[in-house]
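Below you'll find the structure, written out as structure tokens, and then a few comments.
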Amino acid sequence: MRGVAARIAMGGLLLAVGQGASAETLADAIRSAYASNPLLEAQRADARATDERLVQARAAYGPTVSATASRAYNWQSVRSGDLSARASAWSDSVAGVADQPLFTSGRLSGAARQARAAVDASRGTLREVEAEVLLDVIGAYVLVRRDQQLLAITAENVDLLARQLSDTEARRRAREATATDADQAAVRYAFAQARLKETAASLESSRSLYLASVGHLPGTLDPEPSLPGIPPSVEQAYATADTANPRLEAAAARERISRAAIGTARAEFGPYVAAQASGGRGTSSPYLDDRRTFFQANVTATLPLYNSGITSSRIREAQARNEQDVHLLDQIRREVRQTIAQNWEQLIGFRGTIGDYREAVLHAETAFSGAREQERAGLRTTLDVLDQARDLLDARTGLTNAQANEYLARARLLAALGALEAPLLTGAERYDPERYARKVRGDLWAPHAPVLRAVDGIVQGPVTPRVPVDPAASLAKPASAPLPPEPAPDR
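Counting the sequence shown from 1 gives a position; my numbering is that position plus 523.
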């Protein structure tokens, strides 16, 4: 059994460090995920698709031109009494139609505002997904390193208890220890072996999480770097999140979408003015050798008079949808602030416990060494030594877990602030969704569109920022202890 436990520990450690010749950094892992994560790639594609909605909305201000061409074979037979006649001939025609909206009472400008807000919402969601992916990568990286260290700690504990069991059995044979002492040492050794196997399984689970998050198995991992700074107070953290949190950004954009939909629905009450021109040339009659050319231009104004209440119902529906989005925005603000407050307090707690665990490790190492010496002198029992070994294991395990939890709480807090972004952590080039938007907007040709947008937008009026209606929005978190300084790295 001792050989099996040793092989588990050695195999787990070799598997953890033997995947690559050089150590991998957290920046390397983030760059890999940022460039190839399927969820990120899917959301980027969604952002590009949403950009096309704005292109389509703006294109509606321009003309639409269509052309038709036809060539037909005509045959007829006419019979009158004893007389009959047959005739056949070919006829052809070409025609073109051009339509241009002139004034839509805000229909087009409302649709364009909805599309613009949809683009903003998509980009906010993209930032949110980026932060989630980075959190997954950081979490997997930290958990692999934590489990690697815990495996080494538990393996060392197995070796320590194996030596203690061997010494106790030797002392029992020399009648310096009892069979109960040997049984106590054997029990603790069996527990240590079981814990070693559990830790090895946990490491394998963390490695599979790393593969899913980063895209490859972990090799040797360097210690985690320092993360960007955190605001000195929770109130400043709230203020930062109000302007930078991607969930809030996307929710605010969705509220603008539904608000613009109200104006679009109201525009259905107004007139619609459009110009149309058409022309063509073709056979006047299939049986006569003559041609006909025509051209027509007209301006049409359409004013809805009565539609059984459909437009009024659509306005009320849009207003209710907007009210829903207003409350959802307030709810998301509450959730963001809860996340900030929760991780703020956890960060305070973990940073405080790290110092305590470090002190506990120092004392536990000294106490264990002293207990073994006193046991040999007959001043301590075997159980005393085993208890000191357990305290040493608990202290070292607690320190490792506290350091991992502190780093993860810091990352979650930065994500809630909207500050967890790959370029800030790695120096990698930021994915710029505006690059694609500029490219597709360049495909439009409608030099008169800005004038039409300005005229049509007069009806809609300016878009004013929404003031929060949630009474909890102005409430501050109760004063908490100041955030302790970032602990010195020793991992």
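Cβ atoms here follow ideal geometry from the backbone N, Cα and C, with glycine treated the same way.
{"Check": "Span of the alpha helix (DSSP H) around G786", "Outcome": "769 to 789"}
{"Check": "Neighbour-count burial assignment, W483, 16 or more Cβ in a 10 Å radius", "Outcome": "Residue coverage of the chain in this structure runs from 524 to 1014, which leaves residue 483 outside it and unanswerable."}
{"Check": "Alpha-carbon to alpha-carbon, S616 and S1020", "Outcome": "Because the chain here runs from 524 to 1014, residue 1020 falls outside it and cannot be looked at."}
{"Check": "Limits of the alpha helix (DSSP H) - the one that R856 falls within", "Outcome": "833 to 899"}
{"Check": "Bounding residues of the alpha helix (DSSP H) (the contiguous stretch that carries D993)", "Outcome": "Run containing D993: none; DSSP gives neither H nor E here."}
{"Check": "Element boundaries [alpha helix (DSSP H), containing R609]", "Outcome": "That residue, R609, is in no alpha helix (DSSP H); its beta strand (DSSP E) goes 606 to 626."}
{"Check": "C-alpha gap between S545 and Y664, whole angstroms", "Outcome": "16 Å"}
{"Check": "Of the residues Y954, A912, G878, G950, the one placed nearest P1012, counting alpha carbons only", "Outcome": "G878"}
{"Check": "The beta strand (DSSP E) enclosing N680, as first and last residue numbers", "Outcome": "It is not in any beta strand (DSSP E) - N680 instead sits in the alpha helix (DSSP H) that spans 630 to 696."}
{"Check": "DSSP-derived helix/strand/coil call for R903", "Outcome": "coil"}
{"Check": "At least 3 beta-carbon pairs within less than 8 Å: the segment 722 to 729 vs the segment 922 to 937", "Outcome": "no"}
{"Check": "Supposed contact pair T823 and A797 - C-beta distance, whole angstroms, cut 8 Å", "Outcome": "6 Å"}
{"Check": "Sequence-distant residues of the same chain with beta carbon closer than 7 Å to L915, five excluded per side", "Outcome": "A887, E888, F891"}
{"Check": "Burial state of G541 (16 or more Cβ within 10 Å)", "Outcome": "With a pLDDT of only 48 at G541, under the threshold of 50, the placement of this residue in the model should not be trusted; the figure read from the coordinates follows. Classification of G541: exposed, given that the 10 Å Cβ count is below 16."}
{"Check": "Separation of S731 from G543, as counted between CA atoms", "Outcome": "Low per-residue confidence applies at G543: pLDDT is 46, beneath 50, and the placement is therefore not dependable, though the value from the model is reported in the following sentence. So the two alpha carbons sit approximately 16 Å from each other."}
{"Check": "Nearest-angstrom beta carbon gap, R895 and V908 [assumed within contact, 8 Å]", "Outcome": "6 Å"}
{"Check": "Best match in V578, N597, R711 for proximity to Y810 [C-alpha to C-alpha]", "Outcome": "N597"}
{"Check": "Bridge partner(s) assigned by DSSP for T573", "Outcome": "None, per the DSSP bridge assignment."}
{"Check": "Distance, S607 Cα to N821 Cα", "Outcome": "45 Å"}
{"Check": "Residue range of the alpha helix (DSSP H) that includes T722", "Outcome": "702 to 737"}
{"Check": "The segment 948 to 956 touching the segment 758 to 777, judged by at least three CB pairs closer than 8 Å", "Outcome": "no"}
{"Check": "Identity of the residue in R844, A864, T816 nearest A783 by Cα", "Outcome": "R844"}
{"Check": "Separation of D853 from S997, as counted between CA atoms", "Outcome": "11 Å"}
{"Check": "Proximity to A841 [Cα-Cα], best of P1008, Q637, I553, A977", "Outcome": "Q637"}
{"Check": "Identity of the residues DSSP links to Y795 by a beta bridge", "Outcome": "T825"}
{"Check": "Residues near M524 in its chain [Cβ-Cβ closer than 7 Å; skip 5 each side]", "Outcome": "With a pLDDT of 46 at M524, under the threshold of 50, the modelled position of that residue is not reliable, and the figure given next carries that caveat. Hits under 7 Å: Q716."}
{"Check": "Whether L1034 touches R881 by CB criterion (9 Å)", "Outcome": "Residue coverage of the chain in this structure runs from 524 to 1014, which leaves residue 1034 outside it and unanswerable."}
{"Check": "Where the alpha helix (DSSP H) containing R964 begins and where it ends", "Outcome": "956 to 964"}
{"Check": "Rounded separation between Q780 and I981 - CA only", "Outcome": "The residue you asked about is not Gln; residue 780 is Ile in the sequence shown. Straight-line Cα distance between these residues: approximately 18 Å."}
{"Check": "CA-to-CA distance, L937 to A641, given in whole angstroms", "Outcome": "26 Å"}
{"Check": "Residues near D745 in its chain [Cβ-Cβ closer than 8 Å; skip 5 each side]", "Outcome": "A546, E547, T548, L549"}
{"Check": "Cβ distance (whole Å) where I833 is taken to contact L771 below 8 Å", "Outcome": "Incorrect: roughly 35 Å between the Cβ atoms, too far for contact."}
{"Check": "Buried/exposed call for S736, threshold 16 Cβ in 10 Å", "Outcome": "buried"}
{"Check": "Simplified DSSP assignment, three categories, for R953", "Outcome": "coil"}
{"Check": "The segment 654 to 673 / the segment 739 to 755 touching (three or more Cβ pairs under 8 Å)", "Outcome": "yes"}
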